[in-house]
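Comments concern the structure below.
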Amino acid sequence: MRPTGHACRDCLTTPARVQRNRRGPIAVPGSRYAVLHPGDGDETTMSKIDRVTIQTYQYTLDNSGREYRRFMVTIDTDDGLSGSYAPHFGGTPHAQAQVEEMARGLIGVDAEQRELVFERLKISHRHYDKSGISVIDTALWDLAGKKYGVPIAQLLGGFRERLPVYASTTSGQPGKGGLGGAEGYADFAESCQSAGIPAYKIHSFFDGNPKTEIDIMTAVRERVGQDMKLMVDPASSLKSFMDAVEVGRACDDLGYFWYEDPYRDASSSAVAHKRLRDFIRTPMLIAEHIRGFEQKADFTLAGGTDIMHIDPELDGGITGTMKLAHFCDAIGMEVQLHTAGPMHRHCMAAIANTHFYELGLVRPDSPVNLLQPPIYADGYGDEVGDVGEDGCVPVPDGPGLGVTYDADRINGGEIARLEIR
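Note that my numbering has the sequence shown beginning at 4, numbered continuously upward.
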């Protein structure tokens, strides 16, 4: 019989005692809250999780004045190991709420049982989008890489060390800034091409007007010629199926590399996108808004896309991303990873069936990536200026994620901390 308060692998959760503090941790030892039992192996070799810390911090991008809020998770073990992850695009309040709930079930678990953690959290949070799994999973991979002194890409079985990029624009505003019209998009594409970047994706004004999309697409193609791969993402803004067909046929005529998330079903209907594929020749990149391994597999097998879009920060972290990439590889399909970050680089480094790393979101009149918190102390960045002459970015080569977080900046912006033991 297991001791009172313990939960085995087939159980979900039991109550924990945690406390919040606005400016620092208050640890509450003796918490009895577990999703998983660590197993029956030789426990002397295990790295058991004994603390999870969730920091909420705020920051302002240098050129905007707008205040942002994100969070960071650190997982510590009883033998002195530690792994961390601070999400970018996926660092939303609802993801943080899930992480705080999920973290309470990690105490006492073997930190190297990532697959077990992934499966149990997927089941215990089946009523939600499960985006919180990604943050926990990535922190556990960071911990494993640091334990063995190797980058995550090497743990995954690396395929490449340099990642070809595409510049992914922000959405523009008519008449404002560097992306205020078709010529502005063309100017920026030409600038990226001159910097050696091999591909460019348009996020236009999101006004739902096919003519807007086509005018910008045409101006960019005429400016850069046929030597640069081009993509377009209306971000589900086109108002109807026939609008999507119209823009898709323009993609065909202009030789675009892929066509992404066209109209206002939010790319959720496999049947609709299978029909759309029948009308056009340009490959479609869909499934950004479909969450989870099984759901994306179903969408793909139903004919909803030509290329699967995976978001490592929303689709189960590194474990979930690699499951999806290998599934697609088995059926002869390519994948693309959504947005940028250290975790994305390690995943792409170990995926054979993918083309480009999304350098986004970028714009000509801003030196910073609008999706990336300024939290790195080692020069890591995802801006146009970080791309090498070969049109690629490197894979961080340090242990784990291979990046150094700026503790002073994160701690200086801290507005809350939750510590679970």
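Beta carbons are placed, not taken as given, at the ideal position from N, Cα and C, and that holds for glycine.
As the structure is a prediction and not an experimental result, all values here were calculated from the model.
I need the DSSP call for Ile-298, collapsed to helix, strand or coil.
Sequence check: residue 298 is Gln here, not Ile. Note: Gln-298 maps to helix in three-state DSSP.
What three-state label does DSSP hand Asp-255 in the structure shown?
helix
Pairs of beta-carbons, one from the stretch 314–329 and one from the stretch 344–355, closer than 8 Å: are there three or more?
yes
Where Asp-309 and Val-112 are concerned, what is the direct C-alpha to C-alpha distance, given to the nearest angstrom?
Those two C-alpha atoms are separated by around 39 Å.
Simplified DSSP state of Thr-47, which is helix, strand or coil:
Its pLDDT being 48, under 50, Thr-47 is placed unreliably by the model, and nothing is read from it.
Hey, quick one: how far does the beta strand (DSSP E) through Leu-317 stretch, first residue to last?
Segment: none, Leu-317 is in no beta strand (DSSP E) and carries neither H nor E.
Do Ile-136 and Lys-125 have their C-beta atoms closer together than 8 Å?
Between Ile-136 and Lys-125, the C-beta gap is smaller than 8 Å, which places the two residues in contact.
Given that a residue counts as buried once 16 or more other Cβ atoms are within 10 Å of its Cβ, and exposed if not, what is Glu-186?
exposed
What's the C-alpha gap between Leu-404 and Gly-175?
Near 33 Å, if we compare the C-alpha coordinates of Gly-175 and Leu-404.
Residues in the same chain with beta-carbon distance under 6 Å from Ile-313, minus the five sequence neighbours each way, listed in chain order, please.
Thr-324, Leu-327, Val-338, Leu-340
Within the continuous alpha helix (DSSP H) that includes Thr-281, where are the two ends?
This sequence places Asp at residue 281; Thr is not what is there. Asp-281 -> alpha helix (DSSP H) spans 273–282.
Between Ala-37 and Leu-143, what straight-line distance do the alpha-carbon atoms span, to the nearest angstrom?
Summary for Ala-37: the model assigns pLDDT 36, below 50, so the residue's position carries little reliability, and this model does not support an answer.
Going by DSSP, what residue range makes up the beta strand (DSSP E) through Ser-171?
165–172
Please give me, in chain order, every unbroken run of the alpha helix (DSSP H) with length at least 4 that falls completely inside the stretch 173–217.
Correct list: 185–197.
Could you compute how far the alpha carbon of His-97 sits from the alpha carbon of Leu-421?
16 Å
Classify Ser-87 as helix, strand or coil using the three-state DSSP reduction.
It is a strand residue.
Assuming the contact rule is C-beta atoms closer than 8 Å, Ala-106 and Ile-423 should be a hit. Round their C-beta distance to whole Å, please.
5 Å
Measuring only the C-alpha atoms, how far is Cys-395 from Pro-167?
4 Å
With DSSP as the reference, identify every bridge partner of Phe-74, one or two as the case may be.
Thr-59
Tell me whether Ile-378 sits in a helix, a strand or coil according to DSSP, three-state version.
coil
Would Leu-304 be called buried (16 or more neighbouring beta carbons within 10 Å of its own) or exposed?
exposed
Would you please state the rounded distance, in angstroms, between the beta carbons of Leu-374 and His-128? I believe it to be under 8 Å.
Not confirmed; about 25 Å, so no contact.
Identify whether Met-351 lies in helix, strand or coil by the three-state DSSP scheme.
helix
Would you mind stating whether Val-235 and Glu-263 have Cβ atoms separated by less than 8 Å?
Taking 8 Å as the Cβ cut-off, Val-235 and Glu-263 qualify as a contacting pair.
What's the gap between the Cα of Ser-243 and the Cα of Gly-388?
Between Ser-243 and Gly-388, the alpha-carbon positions lie close to 38 Å from each other.
With 16 other Cβ atoms within 10 Å as the buried cut-off, status of Pro-345:
By the 10 Å Cβ count, Pro-345 comes out buried.
Euclidean distance between Cα positions of Asp-145 and Ile-293
26 Å
At the level of alpha carbons, what is the spacing between Asp-190 and Ile-200?
14 Å
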